[in-house]
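Working notes, beginning with the structure itself.
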Amino acid sequence: MLIHKVIQAIQPLQVIGNTDDLQLLHIQHLLIDSRQLGNKPLNTLFFAFKTNNNNGATYIPTLIQQGVRCFVIEQNNPILPELLKLANTEDNPVFILVNNTLTALQQLAIYKRSLYHGPVIGITGSNGKTVVKEWLYQLLKEDYHITRSPKSYNSQIGVPLSIWQLSDKTELAIFEAGISEQGEMQRLQAIIQPTIGVITYIGPEHGENFPSLQAKRAEKMQLFANCPVVIEDPTHQNVRTCAAVMRALGYNEDTIAQRILQQTHETILQVNLTALVDNVRYFRSLLQPQTQLTCMVKAFAYGTGSVDISRALQDSQLIDYLAVAVADEGVELRKAGITLPIIIMDPEVAALDLIIENNLQPNIYSFQVLEDIIHAAEAKGLEDLPVHIKIDSGMHRLGFYQEDIPQLTARLQQQKAIRVASVFSHLAGSDEAQIDTFTHEQAVYFSECAEQLSVALDYPIIKHICNTAGIERFPEYHFDMCRLGIGLYGLSFAGANLHNVCTLKTTILSIKTVATGETIGYGRHTTLAEPRQIAVIPIGYADGFDRRFSNYGGEVWVRGKRCPVVGNVCMDQAMIDITGTDAQVGDYAIIFGDQLPIQELADKLSTISYEVLTSISRRVQRVYFYE
0 MLIHKVIQAI QPLQVIGNTD DLQLLHIQHL LIDSRQLGNK PLNTLFFAFK TNNNNGATYI
60 PTLIQQGVRC FVIEQNNPIL PELLKLANTE DNPVFILVNN TLTALQQLAI YKRSLYHGPV
120 IGITGSNGKT VVKEWLYQLL KEDYHITRSP KSYNSQIGVP LSIWQLSDKT ELAIFEAGIS
180 EQGEMQRLQA IIQPTIGVIT YIGPEHGENF PSLQAKRAEK MQLFANCPVV IEDPTHQNVR
240 TCAAVMRALG YNEDTIAQRI LQQTHETILQ VNLTALVDNV RYFRSLLQPQ TQLTCMVKAF
300 AYGTGSVDIS RALQDSQLID YLAVAVADEG VELRKAGITL PIIIMDPEVA ALDLIIENNL
360 QPNIYSFQVL EDIIHAAEAK GLEDLPVHIK IDSGMHRLGF YQEDIPQLTA RLQQQKAIRV
420 ASVFSHLAGS DEAQIDTFTH EQAVYFSECA EQLSVALDYP IIKHICNTAG IERFPEYHFD
480 MCRLGIGLYG LSFAGANLHN VCTLKTTILS IKTVATGETI GYGRHTTLAE PRQIAVIPIG
540 YADGFDRRFS NYGGEVWVRG KRCPVVGNVC MDQAMIDITG TDAQVGDYAI IFGDQLPIQE
600 LADKLSTISY EVLTSISRRV QRVYFYE
C-alpha cells in the first residue's frame with residue numbers, strides 16, 4: 000500500500016518529516032516489535048506502542064539506523080521531542096503523530112479490509128478457534144488462495160496484523176477473534192466484517208472480566224452483526240462445524256464427505272506449538288537472565304518439522320540461537336525467513352560457500368576444518384565470520400584437546416577472517432546419575448580449556464556445555480549459554496510437569512471379527528484363542544511404527560482403552576485388537592501422545608525417545624497449531 004494511502008487511512012493529527020521522496024513508497028510490513036524487523040526496512044511501518052513497562056518509541060533511533068523510515072507515534076509520547084530532532088536529517092524519518100497507536104493500527108486494518116470483496120470467515124469462542132481455522136484451511140486450500148490468522152493472532156493487535164496480510168491473490172480469508180473484556184468485540188467486528196460466522200465452544204475460560212457467561216456470549220456474538228451466515232454446532236464437533244462452513248461456501252455433500260474423509264483418514268503428527276513454547280519458558284526459567292539459550296532443530300527438528308518449529312521459537316523471543324547438523328538444514332531455515340543466528344554443528348568443506356552466503360555459523364572441531372574455513376572466508380574477503388570451537392572433554396567424538404589450545408589460539412591470532420563466537424563441548428551422560436562424577440570432570444576440563452582460549456584471544460567468548468538434562472541437573476555449569484533439545488518436546492530429567500507437544504495419530508480403516516484359531520498378518524505369528532474384533536490402521540514401519548511392536552509388543556489408544564498390536568506390523572498398515580471398545584471405522588487411534596507417552600514406547604523398544612520421534616517418516620503429515 001502506498002504510504003500516502005496509509006496516512007490517509009490512519010487520519011493522523013500531523014505528519015512530520017519530508018514525505019516528498021516517499022510518494023511512491025509501498026508499505027509492505029507492519030512492525031510492533033523492533034526485534035522482528037525483516038529484510039525490507041524501507042517498506043516497513045513501525046507502530047511505537049507504549050505500555051506500563053515499555054515504550055516502543057525508544058527503539059526508533061536504532062530502527063532508523065537499520066533503514067526504517069516511517070513511524071506511527073502518539074503525540075503525547077514523552078520522548079517525542081527528542082525524536083523530532085531526527086526529522087529532516089540525512090536519514091529522513093517520517094513521524095505520523097496520532098492520539099492512540101492502537102486506534103491508528105485498527106483504522107489502517109479497516110481500510111485494508113475495505114479493499115477486499117471476497118468471503119471472510121470469522122471465528123470466535125472460548126477455545127477451539129485455531130483448530131477450526133486450521134481444519135478449514137486444510138479442507139479448502141485446494142480451491143482457494145487463503146489468507147488466515149497467523150498462529151493465534153486474535154487480539155486487538157493481532158486481528159489488524161492478520162487483516163494486513165490480505166492481498167490481490169486472496170480468494171478466501173479466515174480470521175480468529177478473541178476478547179478478554181467487554182467492549183472489545185465491536186472494534187474487531189468493524190475490522191473483520193465476516194460474511195460467514197463460526198462459533199466454537201463458549202465456556203468460563205478467560206471470563207473474569209464478564210459478569211456472567213451470558214454476558215460473555217453476548218459480547219462475542221457482536222462479531223456477527225450484519226453477518227448473513229452464522230454457524231454454531233451445539234455438539235462442538237469440529238467436523239460438523241467445518242462441514243457447515245463448506246455448505247455455506249456452496250460445496251455439495253459428496254465433496255464435503257470426500258474432503259472430510261480424506262482429512263480424518265490420515266496418519267498425522269500433531270504438534271502443539273503453544274505447549275512447545277511453554278516448555279521453552281520452563282527451561283528459560285531455570286537460567287539466569289543473562290544466560291543465553293540455543294535450541295537444537297537438527298534432524299528435521301527431531302522429526303517435528305524444522306521450519307515451523309523454528310518459526311515458533313523465533314516468534315517466542317525466548318531463545319538466542321538455533322543449531323542444526325548440516326548446512327542444508329540451515330539454508331532451508333534461511334529461505335523460510337528465519338533470522339536468528341544458526342550454528343552448523345557438522346560443516347562440510349563442500350558446503351562452506353553455502354554457509355557463508357546464508358550467514359550461518361560453522362562449528363570448528365579440527366585443525367583441517369579450521370584451515371578450510373579460514374581460507375573460504377579469506378577468499379570472500381570476510382572479516383570476523385562468527386565460528387564456534389568444539390572441545391573434546393571426554394566424548395571422544397569431535398573436538399580439540401587441551402593440549403591443542405596453544406596451537407589453536409596461535410592460528411586464530413594470525414588471521415582476521417573468523418572470530419570465535421563461542422566455545423562448547425558435549426556432556427556424555429548428564430541424564431545418568433551413576434556417571435555424575437565423570438560429568439563433573441568433563442565440566443572442569445571444558446572450563447579450563449575455555450578459559451585458556453578466552454584469555455589468549457582477549458575478547459568475550461560464549462561458553463556452553465549443558466544440554467536439556469544438564470540445564471535441569473547441573474545449574475553450576477550453565478556458563479554463558481545452554482542448549483535445549485529433547486526438552487522442547489516435554490521430556491524432563493528432573494520430573495518437571497512439562498507439556499506433551501507431539502501426538503501421533505491415525506484412524507481405523509476397517510473392522511472385522513476374526514474367529515478362534517485364525518492367524519493375523521504376515522508369518523502367522525498371532526493365533527487367536529477366541530473370536531476378536533480386529534481393526535486395521537494405516538500406519539506401518541515405513542511411517543516409523545517399529546516392527547518390534549508386532550505381536551502384542553506395542554499398544555495404541557482407542558476410545559479410552561489400550562489396544563494391543565496383533566500380527567506383524569506391515570510396511571503401511573498394522574492390526575490392533577479393539578475387542579470391547581465399541582470403536583468404529585474412522586475413530587482415532589493414538590500411537591503416542593498424552594495417553595501414551597513417547598517415553599513408554601521408547602522403553603518398550605529399549606531405546607530413547609529421540610529415536611522414536613526422529614523415526615517418523617516425512618510422508619506423515621505434520622499439523623501445527625496454537626491453543
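Just so you know, we're using numbering that gives the first Met the number 0 here: the sequence shown kicks off at 0 and counts up by one.
In this text, a Cβ means the ideal position worked out from N, Cα and C, and glycines have one as well.
A quick note: this is a predicted structure, and the numbers were derived from the prediction, not measured.
Buried/exposed call for residue i, threshold 16 Cβ in 10 Å
| i | result |
| --- | --- |
| PRO193 | buried |
| GLY182 | exposed |
| LEU114 | exposed |
| GLY124 | buried |
| ASP20 | exposed |
| ASN17 | exposed |
| ASN271 | buried |
| ASN466 | buried |
| PHE473 | buried |
| PRO405 | exposed |
| LEU23 | exposed |
| HIS387 | buried |
| MET344 | buried |
| MET480 | buried |
| HIS395 | exposed |
| ASN98 | exposed |
| LEU595 | buried |
| ALA493 | exposed |
| SER392 | buried |
Among the options, the one whose alpha carbon lies nearest that of residue i
| i | options | result |
| --- | --- | --- |
| TYR281 | LEU487, ILE2 and VAL500 | LEU487 |
| ILE470 | ILE460, ARG482, PRO459 and LEU339 | ARG482 |
| LYS132 | HIS116, ASP142, TYR152 and MET0 | TYR152 |
| CYS501 | ASP319, ASN51, THR273 and VAL568 | THR273 |
| GLY539 | PHE45, ILE343 and TYR521 | TYR521 |
| PHE223 | ARG258, ASN237, VAL568 and ALA176 | ALA176 |
| THR505 | VAL584, ALA432 and LEU23 | VAL584 |
| LEU527 | GLY336, ASN550 and HIS235 | ASN550 |
| SER154 | GLN401, GLN105, ASP314 and HIS116 | GLN105 |
| ILE156 | ALA534, ILE178 and GLU529 | ILE178 |
| ILE198 | PRO340, ILE318, ALA189 and GLU218 | GLU218 |
| ARG558 | VAL535, ALA588 and PHE544 | ALA588 |
Residues near residue i by beta carbon distance below 6 Å, same chain, minus five either side
| i | result |
| --- | --- |
| TYR58 | SER33 |
| VAL565 | ILE519, THR525, MET574 and ASP576 |
| ALA449 | VAL422 and LYS462 |
| VAL228 | ILE195 and ALA247 |
| THR578 | ARG531 and GLN532 |
| GLY66 | PRO40 and LEU41 |
| TYR301 | LEU612 and THR613 |
| THR146 | GLN164, LEU165, THR169 and ALA172 |
| ALA455 | THR408 |
| LEU369 | ILE363 |
| ILE285 | Contrary to the premise, residue 285 reads as Leu rather than Ile in this sequence. So the qualifying residues of the chain are ILE470. |
Neighbourhood of residue i by C-beta distance below 7 Å, restricted to the same chain and skipping five residues each side
| i | result |
| --- | --- |
| ARG239 | ASP232 |
| LEU135 | ILE120, ILE173, CYS241 and VAL244 |
| ALA8 | GLN106, LEU107 and TYR110 |
| ILE6 | VAL14 and ILE95 |
Residue(s) in a DSSP beta bridge with residue i
| i | result |
| --- | --- |
| PHE174 | GLY121 |
| GLN291 | MET480 |
| MET574 | VAL535 and VAL565 |
| GLU554 | PRO563 |
| GLU73 | VAL97 |
| HIS28 | THR43 |
| HIS387 | ASN362 and SER421 |
| GLN451 | DSSP lists no partner for GLN451. |
| HIS463 | PHE423 and MET480 |
| THR505 | ALA588 |
| VAL197 | ILE122 and ILE230 |
| VAL14 | ILE95 |
| THR146 | ALA172 |
| LYS49 | ASN54 |
Sequence-distant residues of the same chain with beta carbon closer than 8 Å to residue i, five excluded per side
| i | result |
| --- | --- |
| HIS28 | GLY37, LYS39, ASN42, THR43 and LEU44 |
| VAL296 | SER305, ILE308, SER309, LEU312, LEU321, ALA322, VAL323, GLU328 and LEU332 |
- Are the region 412-420 and the region 378-388 touching, with three or more C-beta to C-beta distances below 8 Å? yes
- Would you say the region 88-96 touches the region 132-149, given that touching needs at least three Cβ pairs under 8 Å? no
- Query: Is it true that the region 204-215 meets the region 184-191, where meeting means three or more beta-carbon pairs spaced less than 8 Å apart?
  - Reply: no
- Between the region 252-259 and the region 285-293, do three or more beta carbon pairs fall short of 8 Å? no
- Query: Touch check for the region 355-372 and the region 433-451: three-plus C-beta pairs under 8 Å?
  - Reply: no
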